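Here's the structure, in structure tokens; my notes come after.
Have a look at this one:
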């Protein structure tokens, strides 16, 4: 009646050809996946820095020059 078999420690993982997969092959597959994830996170951090931190730094550096230029413009408008 119930055809579902519980998973046991004796269950074997097989590849597409039906051959059993060794622990070494599983670990290598996990390692490849982890390396891809690590690279993805690295580039995500690079993009975050490029689009968030760099504009803030550029704005902090450019603000004094903009204020100085705007102040001289206002002084000229006031007739000074």
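In the UniProt record's numbering, the protein residues as written are 1 to 80. From the three backbone atoms N, C-alpha and C, an ideal C-beta is built for every residue, glycine too. Just so you know, these numbers come straight off a predicted model, no measurement behind them.
Inclusion of residue 13 and residue 26 in the CB contact set at 8 Å is warranted, their separation being smaller than that value.
The bridge partners DSSP lists for residue 20 are 14.
In the structure shown, residue 79 adopts coil according to DSSP, grouped into three states. The C-alpha of residue 56 lies about 14 Å from the C-alpha of residue 64.
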